[in-house]
Amino acid sequence: MMRLGVNVDHVATVREARKSKQPDPVAAAIATEMAGADGVVCHLREDRRHIRDKDIYVLKEVVKTHFNLEMAATEEMVKIATEVVPDMVTLVPEKREEVTTEGGLDVITKYDRIEEVVSELRNHNIVVSLFVDPEIGQVKAASKCRADYIELHTGLYANADDLGQAGDELEKLRSMAIAASKLGLGVSAGHGLDYHNVRDILEIEQIEELNIGHAIVAKAVMVGMERAVREMLEIVRR
Ligand code: PXP
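Numbering (this note's numbering), first residue to last: 840 to 1077.
Encoded structure:
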């Protein structure tokens, strides 16, 4: 059965909109585990726009399933990761001006640096995954630099304009999952997956785990709204 890692970044995005303490991504992580999720994922960005350093340290203590830290391959982030020692680190590219991670890591161009970071993290007993586009060159480079996993970027599939393009992207994901698996890499996938487009991904048997954030947080806001308003009305109309 495929595993589900839930990304709690956007719980922190709401918190940071008011620079307050609520909602707490750590509380959300506990709720996702209580609901049966197989792991918790979060991205510590260079600009700290949602998840903050303290969240990472608390999540490491609190998460009982599997804690996957997404981060850029910078010196600052490697220092934090080797201090916290999450179960897994997923290396992602990062641009300050982007709204979300826009593309996969270019393992080919940045090979030397990525190999060095993979090796350092593995020396700290951290399982390392590289977030890559479904391209054979990237998959081979990920294997060569001794990453344990790749996470296939599903963004182009999820945001396809029509069924034809979605089908083409799905086939790319399938063939790259097969190629990665043959090279001995573990395979996960994520980005832009929702309650509809996830279904076809489930047919790719080499994919072991999906990491989903935005769609789940968006759904949580909607399914929780009625109860939240009723609870406030109970107080206001007393
Ligand atoms: N995987 C990676 C590497 C990501 O950067 C993200 C976004 O933070 C996700 C998965 C989850 O994407 P989404 O929020 O669109 O579900």
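No residue lacks a Cβ here, since even glycine has one placed at the ideal position from N, Cα and C.
Cβ pair residue i, residue j closer than 7 Å
i: GLY976; j: ILE953; result: no
i: ILE989; j: ARG1013; result: no
i: GLY844; j: VAL880; result: yes
i: MET1015; j: VAL978; result: yes
i: LEU1009; j: PHE970; result: no
i: ALA997; j: GLY1031; result: yes
i: GLY875; j: THR904; result: no
i: VAL853; j: ILE895; result: no
i: ILE1046; j: ALA1028; result: yes
i: ASP848; j: ILE890; result: yes
i: ASP1039; j: ALA1054; result: no
Closer than 6 Å: residue i CB and nearest the ligand PXP heavy atom
i: ASN846; result: yes
i: ASN907; result: no
i: VAL956; result: no
i: HIS1035; result: no
i: VAL931; result: yes
i: GLY1029; result: yes
i: ASN1050; result: yes
i: HIS882; result: yes
i: HIS1053; result: yes
CA-to-CA distance, residue j to residue i, given in whole angstroms
i: PRO1080; j: ARG1069; result: The requested residue 1080 does not occur in the structure, where the chain is confined to residues 840 to 1077.
i: LEU995; j: GLU885; result: 25 Å
i: VAL1056; j: ARG888; result: 17 Å
i: THR913; j: MET1064; result: 39 Å
i: GLN861; j: LYS1021; result: 45 Å
i: ALA1019; j: PHE906; result: 23 Å
i: GLU1048; j: GLY1023; result: 16 Å
i: LYS983; j: GLU909; result: 21 Å
i: VAL928; j: PRO864; result: 18 Å
i: LYS1011; j: LEU1041; result: 14 Å
i: HIS992; j: VAL1075; result: 46 Å
i: ILE919; j: ASP987; result: 20 Å
i: TYR851; j: ASN964; result: Position check: residue 851 holds Ala in this sequence, whereas Tyr was assumed. Roughly 28 Å separates the two Cα atoms.
i: ALA1059; j: GLU872; result: 14 Å
i: GLU933; j: ARG1077; result: 50 Å
i: LEU930; j: ALA981; result: 11 Å
i: ASN1050; j: ASN846; result: 7 Å
CB contact check: residue i to chain B, cutoff 7 Å
i: GLN1045; result: Structure shown: chain B not included; a single protein chain is present.
Practice task
Check whether the segment 951 to 965 touches the segment 1000 to 1013, taking contact to mean three or more Cβ pairs, one atom from each stretch, closer than 8 Å.
Solution key: no
Practice task
For the segment 999 to 1035, list the beta strand (DSSP E) runs that are entirely contained and at least 3 residues long, ordered along the chain.
Solution key: Those beta strand (DSSP E) runs which fall completely within the segment 999 to 1035 and span 3+ residues are 1025 to 1029.
Exercise for the section: Run through the segment 912 to 968 for me and flag every whole beta strand (DSSP E) of 3 or more residues, listed as ranges in chain order. Expected result: The qualifying runs are 927 to 930.
Problem - Those runs of the alpha helix (DSSP H) which lie wholly inside the segment 841 to 885 and span at least 4 residues - result: Restricting attention to alpha helix (DSSP H) runs no shorter than 4 residues, the segment 841 to 885 encloses them at 848 to 857, 864 to 873, ordered along the chain.
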